[in-house]
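Numbering-wise, my numbering puts 162 at position 121 of the sequence shown, and it's gapless, one number per residue.
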Amino acid sequence: MTNDQSQYQQRYYDGKFKERVNLIDLSKRNEKLLHFGSVFSSTRIVQELPESKKFWKKLMNEMIPNNPIIINIVNKIIDKIGGTNNFIGVHARLKDGYFARNQNKTINELIKKIQIDFEQIDIKNDSTCLPTIIYLATDVEYNHKSLQPFFQTFQCVYTLNDFNDLLGPLKILKNPKDDMIMYEFLIPLVDLLVASRGNRFYNTPKSTFSKYAQQLNKANFNKSIIF
42 MTNDQSQYQQ
52 RYYDGKFKER
62 VNLIDLSKRN
72 EKLLHFGSVF
82 SSTRIVQELP
92 ESKKFWKKLM
102 NEMIPNNPII
112 INIVNKIIDK
122 IGGTNNFIGV
132 HARLKDGYFA
142 RNQNKTINEL
152 IKKIQIDFEQ
162 IDIKNDSTCL
172 PTIIYLATDV
182 EYNHKSLQPF
192 FQTFQCVYTL
202 NDFNDLLGPL
212 KILKNPKDDM
222 IMYEFLIPLV
232 DLLVASRGNR
242 FYNTPKSTFS
252 KYAQQLNKAN
262 FNKSIIF
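This is the structure in structure tokens:
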């Protein structure tokens with residue numbers, strides 16, 4: 042039997058996580074830098090109280106990459122595409138676990154969403170392009186069979202593979218602790234950042250990385266961010 046002193050005395054919960062950190066407690070920390078080892082999992086962050094939502098929204102606004110080398114590469118790619126108003130961004134998470142098992146479903150849903158949004162296009166014309174370019178960010182190789190329906194449906198699609206000539210500067214970025222070249226770790230980030238700068242963004246449901254790009258897209262266009 043519990044000895045509840047208030048209506049909200051105790052909460053009963055389960056989950057995969059070993060520890061629980063209250064957002065209110067985190068918001069009261071005095072340190073200038075908060076270093077998260079990971080924000081993986083769409084169930085990691087739970088916000089219910091207004092003050093928690095306000096704090097997390099502020100934190101998300103601060104989590105925008107600002108490395109000059111990375112940003113310069115992203116800007117060059119976007120310029121080659123024609124600028125942010127000239128393309129829409131798509132992120133297809135297709136690798137590992139749940140996402141690998143649902144590759145076809147993910148691609149079909151992305152295709153359907155884009156087609157619905159652009160259904161006002163006059164289908165009588167013979168153009169194989171939408172009135173805008175698509176930039177596709179993904180974690181599988183671009184010749185992967187799961188992507189073929191997307192390329193067959195939308196023929197005016199760019200991927201990071203089209204801009205390999207701009208990625209050289211990433212090869213000089215090292216981890217200062219062990220001198221490890223960060224190239225392979227930064228490639229997915231550059232890919233995602235480009236997609237997030239489109240005038241519209243289409244994400245993969247349940248993907249934390251994809252949801253992060255969605256928040257960046259909102260920040261880029263001064264929309265309200267809710268993580």
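Quick reminder that beta carbons are idealized off the backbone N, C-alpha and C, glycines included.
| message | Quick check on DSSP: helix, strand or coil for K154? | response | Position 113 of the sequence shown, counting from 1, holds the residue named residue 154. K154 falls in the helix class under three-state DSSP.
| query | Going by beta carbon distance, what residues of the same chain come within less than 7 Å of I119, once the five residues before and after it are set aside? | reply | Position 78 of the sequence shown, counted from the start, is the residue given in the question as residue 119. Closer than 7 Å at the Cβ level, and outside the excluded window around I119, lie T125, V235 and R238.
| task | Alpha carbon to alpha carbon, how far is F195 from K165? Give it in angstroms, no decimals. | result | Reading the sequence shown from its first residue, position 124 is the one you call residue 165. Reading the sequence shown from its first residue, position 154 is the one you call residue 195. Annotation note: pLDDT 42 at K165 (below 50); position unreliable, no value reported.
| field | For Y253, three-class secondary structure by DSSP | value | Position 212 of the sequence shown, counted from the first residue, corresponds to residue 253. Of the three classes helix, strand and coil, the one that applies to Y253 here is helix, per DSSP.
| task | Work out the CA separation of A178 and Q193 for me, nearest whole Å. | result | For the purposes of this step, residue 193 is taken as residue 152 along the sequence shown, with counting starting at 1. For the purposes of this step, residue 178 is taken as residue 137 along the sequence shown, with counting starting at 1. Going by the C-alpha atoms only, they are around 16 Å apart.
| field | Spatial neighbours of N261 in its chain, beta-carbon cut-off 8 Å, leaving aside the 5 residues before and after | value | Here residue 261 refers to the residue found at position 220 when the sequence shown is read from its first residue. Around N261: T125, S237 and R238.
| request: Thinking V231 and V115 are a contact (beta carbons under 8 Å), I'd like their distance in whole angstroms, please. | output: Within the sequence shown, residue 231 is the residue found at index 190, counting from 1. Within the sequence shown, residue 115 is the residue found at index 74, counting from 1. About 6 Å; that satisfies the 8 Å criterion.
| query | Which stretch, first to last residue, makes up the alpha helix (DSSP H) that contains L227? | reply | Within the sequence shown, the letter at position 186 stands for residue 227. L227 -> alpha helix (DSSP H) spans Y224 to S237.
| said: Measuring straight from C-alpha to C-alpha, what distance separates K259 and N240? | reply: The count along the sequence shown starts at 1 and reaches residue 259 at position 218. The count along the sequence shown starts at 1 and reaches residue 240 at position 199. CA-to-CA, the gap between K259 and N240 works out to about 10 Å.
| For the beta strand (DSSP E) that contains V131, what are its first and last residues? | The count along the sequence shown starts at 1 and reaches residue 131 at position 90. From DSSP, the beta strand (DSSP E) with V131 extends over F128 to A133.
| Buried or exposed: I155, going by 16 or more other Cβ atoms within 10 Å of its Cβ? | Within the sequence shown, numbered from 1, the residue matching residue 155 stands at position 114. That one is buried.
| Which same chain residues, not among the five before or five after M11, have their C-beta less than 7 Å away from its C-beta? | Nothing can be reported for residue 11: it is not among the residues displayed for the chain, which extend from 42 to 268.
| query | Can you pull the DSSP bridge partners for K215? | reply | Numbered from its first residue, the sequence shown carries residue 215 at position 174. K215 pairs with I222.
| message | So for V204, helix, strand or coil by DSSP? | response | Residue 204 sits at position 163 when you count from the first residue of the sequence shown. The sequence given here places Phe at residue 204; Val does not occur at that position. Helix at F204.
| Extent of the continuous beta strand (DSSP E) to which T245 belongs | Translated into positions along the sequence shown, residue 245 becomes position 204. No beta strand (DSSP E) holds T245; DSSP gives it neither H nor E.
| message | Let me confirm a value: Q255 is counted as buried when at least 16 other C-beta atoms fall within 10 Å, else exposed. Which label applies? | response | Sequence index remark: in the sequence shown, residue 255 carries index 214 (1-based). Counting Cβ neighbours within 10 Å, Q255 comes out buried, since at least 16 surround it.
| query | Do three or more CB pairs link the stretch 183-192 to the stretch 130-149 at distances below 8 Å? | reply | As far as the Cβ criterion goes, the stretch 183-192 touches the stretch 130-149, which means the pair count is three or higher.
| task | Could you spell out where the alpha helix (DSSP H) holding L10 opens and where it closes? | result | Residue numbering for the chain in the displayed model covers 42 to 268; residue 10 lies beyond these limits and cannot be assessed.
| C-beta contact flag for L64 and F96 at 8 Å | Here residue 64 corresponds to residue number 23 of the sequence shown, with the count starting at 1. Here residue 96 corresponds to residue number 55 of the sequence shown, with the count starting at 1. A contact, by the Cβ cut-off of 8 Å.
| Thinking just about the alpha-carbon of each residue, which of I152, S251 and K117 is nearest to the one in D206? | Numbered from 1 along the sequence shown, position 165 holds the residue referred to as residue 206. That would be K117, whose Cα lies nearest to the Cα of D206.
| Can you tell me the Cα-Cα spacing of Y199 and I175, whole angstroms? | In the sequence shown, residue 199 corresponds to position 158, counting from 1. In the sequence shown, residue 175 corresponds to position 134, counting from 1. Straight-line Cα distance between these residues: approximately 6 Å.
| said: Here's the rule: buried if 16 or more other CB atoms are within 10 angstroms of the residue's CB, otherwise exposed. What is N184? | reply: Counting from one through the sequence shown, the residue named residue 184 turns up at place 143. Label assigned to N184: exposed.
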